[in-house]
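The block underneath contains the structure these notes are about, expressed in structure tokens.
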């Protein structure tokens, strides 16, 4: 989640302005960048409990001390709730998950260095405070009512609204972590092709990164319970968006989708105003019950776009949203996968050739089955594991052709090695966790807090 928005921008009087806002993301290929985001669970080393906001070892103190590394504070109603440094941000998810939203960078080498630098910083502060962090897709031990809420206004509004639309929305907010990458497009046609490829292949990423097999200390029957949670969060704003594959899809069609997504809030004068369930259509007509007589600013549109949660999300760039959080190497592997597929024209063509014949029903089958079965999911006479191997080969070729070498002359393809190991072995990260739970961990999840800490 981003830091609090600024209340500024032009008034919106015509829906064409909304499509133009998306279209303004078009960039020539030499300006394409890689923006990686990852969330992680923070907890006390002594008892593994999630951190409150307040207190000598709380999230607020963590953020305060991180400022020594040159981060600038962002406050909301007197609470330090985010940090900024250039184009990077450190923000908080509702249950205290700490997120790095990285700067837009040119190469995966830079991305991985950024991730490493951030994890070193939080580890240094953690050592002082007796806290640690780890990347999993779902909180493995604690109940939702044992996790403190963070003091952010939008989360109070979302938390009140979520249970009205699905059974697992609060779990999504409080108990999940993901890794994402944000990537650019050159034109509307380029956006459409990348959107279709990445949406179709999102379940393949979900399978490779599946890392959430525990709930409240026990196996939950899923490989990626985090992914399953999104299927019962809010049908108005989640899913795999079949209309993206229909003829005529483009910026305007996505605007139509977003206009139909019920609102959560409006941000004015440093505060979030509850507009949950209200209509952006009405807002544009000056008929929003929460702000009668006002029309939206372009910043309101930017905020509204952050309140839809499909598997791939369009802003001025495309967000890949299908992966569970994980250890350091997989935080670098997720952007490597998508950069390899989408930032090389030959790879993008090959990926499109792979998925263009998949039907709506087949894509829905993958979305429904992969959270439980991951790489073992049957698909078109083979398994997702075999599809994943093909996808990784396409991505590796794309990264090799990009030929962005580091100081030692290595290109970016080696960042895929951890995923190749998973696909070749057929053993997901969740399988690894379950084997330890059923073996050396003796039926306890507690060792995960030590063995998988950053």
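Numbering (the numbering used here), first residue to last: 1 to 454.
Cβ coordinates follow ideal geometry from the N, Cα and C atoms, glycine included.
Predicted model, so just to flag it, every value in this text is computed and none were measured.
With DSSP as the reference, identify every bridge partner of residue 40, one or two as the case may be. Note: residue 40 sits in a beta bridge opposite 98.
Collapsed DSSP secondary structure at residue 272 in the structure displayed: The three-state secondary structure of residue 272, taken from DSSP, is strand.
Are there 16 or more other CB atoms within 10 angstroms of the CB of residue 442, so buried, or fewer, so exposed? Around the beta carbon of residue 442, a 10 Å sphere encloses fewer than 16 other beta carbons of the protein chains shown; the residue is thus reported as exposed.
With DSSP collapsed to three states, give me the class of residue 238. If DSSP states are grouped into helix, strand and coil, residue 238 belongs with the strands.
DSSP three-state assignment for residue 445, whether helix, strand or coil: Residue 445: coil per DSSP, three-state reduction.
So that I know if they touch, is there some Cβ in chain C lying closer than 8 Å to that of residue 191? Chain labels in this structure do not include chain C; a single protein chain is all it has.
When you compare the segment 385-400 with the segment 220-231, are there three or more beta-carbon pairs, one atom per stretch, that lie closer than 8 Å? Put simply, the segment 385-400 does not touch the segment 220-231. Fewer than three CB pairs are less than 8 Å apart.
Please report the Cβ distance between residue 335 and residue 108, rounded to the nearest whole angstrom; I am assuming they are in contact, meaning their Cβ atoms lie under 8 Å. Confirmed, Cβ separation roughly 6 Å.
Compare the beta carbon distance of residue 258 and residue 275 with 8 Å and say whether it is the shorter of the two. Going by C-beta atoms, residue 258 is not nearer than 8 Å to residue 275.
In angstroms with no decimal places, state the Cα-to-Cα distance between residue 339 and residue 195. Rounded to whole angstroms, the gap between the alpha carbons of residue 339 and residue 195 is 13 Å.
Where are the alpha helix (DSSP H) runs, 4 residues long or more, that stay fully inside the segment 10-89, in chain order? Runs found: 15-23 and 59-66.
Can you tell me whether residue 4 is helix, strand or coil according to DSSP? Confidence is the limiting factor: at residue 4 the pLDDT is only 46, short of 50, which leaves the residue's position unreliable, though a coordinate-based value still follows. Coil, per DSSP.
For residue 247, does the three-state DSSP call read helix, strand or coil? Coil.
Run through the DSSP bridge pairs and tell me what residue 133 is partnered with. Paired residue(s): 42.
I need the boundaries of the beta strand (DSSP E) containing residue 261, first residue and last residue. Taken as a continuous stretch (DSSP letters only), residue 261 belongs to no beta strand (DSSP E), as it is neither H nor E.
Length of the line joining the Cα atoms of residue 54 and residue 134: Each residue's Cα considered, the two are about 21 Å apart.
Run of the beta strand (DSSP E) containing residue 323, from where it starts to where it stops: For residue 323, the enclosing beta strand (DSSP E) starts and ends at 318-324.
Assigned exposure category for residue 440 - 16 Cβ within 10 Å defines buried: Looking at its Cβ environment, which holds fewer than 16 other Cβ atoms inside 10 Å, residue 440 is exposed.
Buried or exposed by the 16-neighbour rule on C-beta atoms within 10 Å, applied to residue 425: For residue 425, the number of other beta carbons within 10 angstroms of its own is below 16, and it is reported as exposed.
Look up residue 315 in the DSSP assignment and say whether it is helix, strand or coil. Looking at residue 315 - three-state DSSP - the assignment turns out to be coil, as it is neither helix nor strand.
Compute the beta-carbon to beta-carbon distance between residue 141 and residue 216, rounded to the nearest angstrom, for a pair I have assumed lies under 8 Å. Right, their Cβ atoms sit about 7 Å apart.
Of the listed residues 343, 65, 279 and 367, nearest to residue 28 (C-alpha basis): Taking only the C-alpha atoms, the option nearest residue 28 is 343.
For residue 183, report the span of its beta strand (DSSP E) as first-last. Counting along the chain, the unbroken beta strand (DSSP E) around residue 183 starts and ends at 178-183.
Backbone secondary structure at residue 222 - three-state DSSP: Coil, per DSSP.
With DSSP collapsed to three states, give me the class of residue 382. Correct three-state label for residue 382: strand.
May I ask you to verify whether the segment 171-184 touches the segment 239-247, counting CB pairs closer than 8 Å and requiring at least 3? No, the segment 171-184 is not in contact with the segment 239-247.
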